[in-house]
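Numbering (our numbering), first residue to last: 19 to 459.
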Ligand code: SF4
C-alpha cells in the first residue's frame, strides 16, 4: 500500500545548452511547481533530477553525458530530456538506469516521468506559481520564445531533425506572456527562436486580436506590439531578409532596442552556399549600410564559422575583407566542428585543424581591432545602461548594445542607490577590447 507522502517532493534541474533549452527548462519547472513540487538546488536534496541536454555539437553532447553521469552518481534518479533525448540510444548505452529519456519540447512526457518517479502531493499549490511562470534568468530580464523548430536546412546543423519544422506561437499568446513578464518586474525581454525573421511563415501570418487591436503573426507586428510595453526588447536570431529593414525605424525611435543579432556564419558566397544558409543570396553589405543609415546607433552582433569544409584561402580573405567593411560591433567565432548526422560531414575538402586555428586567430585579430575601435569611440559619450549586479564598489551593467551572457559589459565605478534592473544614463570614461567603464551621470 502506498503511504501518504508527508514531505514536499523535490526536483533538481540541470539545464544545458542555448536560451531555447533554458526556456524549455523553465516551462517544465513552472508546470512542476504548479503541481506542488519544490525545487532543489543540489543533487542530495532532490528526489529526482532532470537533465536538460544539448546535442548541438559533439563537445556539447559530451558535456551532456558528463552531466548525466554526475547526476546518476550523486542522486541516481535521473530523467533526461532536451536535444540529446532525440537519440536515446546514445544515452541508454552509457546510462541504462536513467528513469526516462524524452526529446526536446516533450514537456508532458518529462512531467509524466517525474510523476512516476515521485508522485505529486494532492494539494494543487497553484497559488505558488506567479502568472509569468518560473524564470531561471535574473528577475529583471527574461527570454521570450516565439516559435519552435526551423524550416531552414543549414548543412552543419541538426536542429531541424531534432526539433522539427517551424511552429510559431500565436502572436496574442506571445504578447500576453510578454505583458505578464513586464507586470512581474521584467525590464528587458530577449526574443528568441531558431529564426526570428521567419516568425509566422508556417501559419501564413495569421491575424489575431489582442486588446481590440489586430496583429498579424509576423516579425514586424511582433516588434510593434512589444515596442509598446515600455521595456527593453532585444531581437535575437534574425536573418538579413528585406523585411527586416522595416523594423529599423522602430529601433531608431527606441521602441525596441537598436540591436540585432544575426548569425551570418560566413560572407563568401561559395561557403554560404555549401552551408545552405538562409538569405545567402541577399546583398548583406548593402543591407547593413542601409540599416545604419536608418538607425545610426544600431549594434549588430553575429557569429561566424571558420574552416568550414571547402573554405579556400580566397573565401577566407573574402570574409576578412567583408568584416573590415561591415564593421560589426559584437562577433563570436567558432572553428567548424562536424556534428553527427549533419549533411556538411559529406562535403569534400575538410580543413586541417592547424589551418582552422590559423584562420581563427587571423579572424579574431581583425575583429578585435574593430571592436576595440568601436568601443574607444564611445569614450566621453553618455549612454543608457541596465544594471545587472550591484556591489559595494560599483556595479556591472550592460548598454543597449550588450545582450546578457554573450556580449560585453559596462563596469560602473559607483552605483549609488541603484538596484538590478534600473536603467540609467552613464558617461563612458574608458574602454578595452570588449568592455566599457563608466560613471552614472
Ligand atoms: S537556421 Fe540553420 S543553423 Fe539555425 S536552426 Fe535552422 S537549420 Fe539550424
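C-beta: ideal position from N, C-alpha, C; glycine also.
Counting along the chain, the unbroken alpha helix (DSSP H) around residue 80 starts and ends at 76–92. With contacts defined as CB atoms closer than 8 Å, residue 65 and residue 95 qualify as a contacting pair.
A direct Cα-to-Cα measurement between residue 74 and residue 180 gives close to 10 Å.
In this structure the segment 399–408 does not lie against the segment 342–358, because fewer than three pairs of beta carbons, one per stretch, are closer than 8 Å. Assignment of beta strand (DSSP E) within the segment 277–355, counting only whole runs of 3 or more residues, yields 277–279, 317–324, 348–353 in chain order. Note that the segment 311–318 does not touch the segment 287–297; fewer than 3 beta-carbon pairs, one per stretch, sit closer than 8 Å. Taking 8 Å as the cut-off, the Cβ atoms of residue 256 and residue 274 do not count as close. In this structure the segment 352–364 does not touch the segment 405–420; the number of beta carbon pairs closer than 8 Å is below three.
Residue burial annotation: residue 264 is exposed, with fewer than 16 other C-beta atoms found within 10 angstroms of its C-beta.
Within the model, the alpha-carbon separation for residue 165 versus residue 388 is close to 34 Å.
Leaving aside the five residues that flank residue 351 on each side, the residues in its chain whose CB is nearer than 8 Å to its CB run, in chain order, 321, 322, 323, 324, 378, 381, 382, 385. Its Cα nearest to that of residue 189, the residue 238 stands out among 330, 432, 238, 446. Using a C-beta cut-off of 8 Å, the segment 216–223 makes no contact with the segment 242–252, since fewer than three inter-stretch Cβ pairs fall below that distance. Taking 8 Å as the cut-off, the Cβ atoms of residue 154 and residue 195 do not count as close.
Rounded to the nearest angstrom, the gap between the Cα atoms of residue 36 and residue 393 is 27 Å.
In this structure, the ligand SF4 has a non-hydrogen atom nearer than 7 Å to the beta-carbon of residue 213.
In the structure shown, residue 259 falls within a coil segment according to DSSP collapsed to helix, strand and coil. Inside the segment 192–258, DSSP marks whole beta strand (DSSP E) runs of 3 or more residues at positions 206–210, 225–228, 231–234, 250–253, from first to last along the chain. Look at residue 172: its beta carbon is less than 7 Å from one of the heavy atoms in the ligand SF4. Bridge partners of residue 31 according to DSSP: 68. Around residue 216, the same chain offers 169, 184 as residues with beta carbons nearer than 7 Å, after the five sequence neighbours per side are excluded. Per the DSSP secondary-structure output, residue 99 pairs in a beta bridge with 70. In terms of Cα proximity to residue 444, the closest of 434, 457, 233 is 457. Between residue 152 and residue 302, the CB-CB gap reaches or exceeds 8 Å.
Distance between residue 376 and residue 317, taken at the CA atoms: about 28 Å.
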